[in-house]
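J.: My questions all concern the structure below.
Here it is as structure tokens:
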């Protein structure tokens with residue numbers, strides 16, 4: 013994630029939606045997911061829940077803490093007719109750390125490759141459109157040592173969601189621990205330096 017790209021959109025919780033297209037039922041299930049192993053566990057659970065379904069097609073876009081990984085599966089449907097359309101919906105919605113599984117119960121009427129693509133895309137769109145989203149910011153933590161006369165100035169720097177006060181320590185030296193959005197960090201550091209307030213970046 014580039015320094016300027018210090019936020020992303022994801023989902024708050026699992027959502028579901030169902031579409032019936034020419035006797036086939038397509039059940040879209042969208043949920044937040046933080047890792048491939050977590051996704052594998054969720055996929056296994058949903059496959060067991062809908063064990064009578066003909067297909068469990070899916071796509072996932074994961075990587076808020078590192079390189080973005082995208083994966084998809086047609087699960088027996090014609091190549092490119094299911095996983096890829098689902099992934100395109102996730103990417104079009106600019107969601108990260110999100111997976112969508114579309115379960116299909118075959119109704120006896122073949123839809124053709126184009127019809128399948130539209131059906132899987134529509135199921136993914138439906139569930140994502142109805143899901144609750146949230147924005148997640150990426151922060152760096154600063155430890156700020158504050159002279160008494162600069163206390164009010166530093167308090168004015170606290171401005172959620174850009175700068176969050178995490179902890180206060182009042183000992184021989186007053187110390188604040190703040191989380192600052194990566195895109196705002198340089199600006200905050202510049203202000204601290206100009207006012208001769210010492211700080212250090214905490215390395216996680």
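In this note's numbering, the protein residues as written are 13 to 216.
Where is the CB? At the ideal position from N, CA and C, for every residue including glycine.
1. Once DSSP output is grouped into helix, strand and coil, what is the label at residue 62?
2. Which of the three DSSP states is assigned to residue 43 in this structure?
3. So does the region 161-169 actually touch the region 130-143, counting three or more Cβ pairs closer than 8 Å?
4. So, are the CB atoms of residue 125 and residue 90 less than 7 Å apart?
5. Is the beta carbon of residue 102 sitting closer than 7 Å to the one on residue 71?
6. Pick out whichever of 79, 147 and 114 has its Cα sitting closest to the Cα of residue 88.
7. Can you tell me where the alpha helix (DSSP H) with residue 105 in it begins and where it stops?
8. Is residue 77 helix, strand or coil when you go by DSSP?
9. Using DSSP's beta-bridge definition, name the partner residues of residue 21.
10. With DSSP collapsed to three states, give me the class of residue 29.
11. What's the call for residue 138, buried or exposed, on a 16-neighbour Cβ count within 10 Å?
12. Would the beta-carbon of residue 140 fall within 7 Å of that of residue 42?
13. Under the three-state reduction of DSSP, which class applies to residue 133: helix, strand or coil?
14. Rounded to whole angstroms, what's the CA-CA distance from residue 214 to residue 46? Just pull it up for me.
15. So, with DSSP's three-state summary, where would you put residue 185?
16. Ends of the alpha helix (DSSP H) at residue 167?
17. Does the Cβ of residue 182 have 16 or more other Cβ atoms within 10 Å, making it buried, or fewer, making it exposed?
T.: Reading from the atomic positions:
1. Reading the chain shown from its first residue, position 50 is the one you call residue 62. Correct three-state label for residue 62: coil.
2. The count along the chain shown starts at 1 and reaches residue 43 at position 31. In this structure, residue 43 counts as strand in the three-state DSSP scheme.
3. Per the Cβ contact rule, the region 161-169 is not in contact with the region 130-143 (fewer than 3 Cβ pairs under 8 Å).
4. Indexing the chain shown from 1 puts residue 125 at position 113. Indexing the chain shown from 1 puts residue 90 at position 78. Here residue 125 is near residue 90, since their CB atoms are less than 7 Å apart.
5. Taking the chain shown and counting its residues from 1, one reaches residue 102 at position 90. Taking the chain shown and counting its residues from 1, one reaches residue 71 at position 59. Their beta carbons are under 7 Å apart, which means residue 102 touches residue 71 by this criterion.
6. What you label residue 88 is simply residue 76 of the chain shown in a count that begins at 1. Selection 79, 147 and 114 evaluated against residue 88 yields 114 as nearest (Cα-Cα).
7. Mapped onto the chain shown, residue 105 falls at position 93. That residue, residue 105, is in no alpha helix (DSSP H); it is neither H nor E in DSSP.
8. Position 65 of the chain shown, counting from 1, holds the residue named residue 77. Annotated three-state conformation of residue 77 is coil, per DSSP.
9. Taking the first residue of the chain shown as position 1, residue 21 is located at position 9. Residue 21 pairs with 107 and 147.
10. Translated into the one-based positions of the chain shown, residue 29 becomes position 17. Here residue 29 sits in strand by DSSP.
11. In the chain shown, residue 138 corresponds to position 126, counting from 1. By the neighbour-count criterion, in which a residue is buried when 16 or more other Cβ atoms sit within 10 angstroms of its Cβ, residue 138 is buried.
12. Sequence index remark: in the chain shown, residue 140 carries index 128 (1-based). Sequence index remark: in the chain shown, residue 42 carries index 30 (1-based). Yes, Cβ-Cβ distance for residue 140 and residue 42 is below 7 Å.
13. Residue 133 sits at position 121 when you count from the first residue of the chain shown. In the structure shown, residue 133 sits in a helix (DSSP, three-state: H, G or I).
14. Locating residue 214 in the chain shown gives position 202, where the first residue counts as 1. Locating residue 46 in the chain shown gives position 34, where the first residue counts as 1. Their Cα atoms are separated by approximately 24 Å.
15. Position 173 of the chain shown, counted from the start, is the residue given in the question as residue 185. Residue state, collapsed to three classes: coil.
16. For the purposes of this step, residue 167 is taken as the residue at position 155 of the chain shown. First-last of the alpha helix (DSSP H) with residue 167: 163-169.
17. The residue labelled residue 182 in the question sits at position 170 within the chain shown. Residue 182 comes out exposed.
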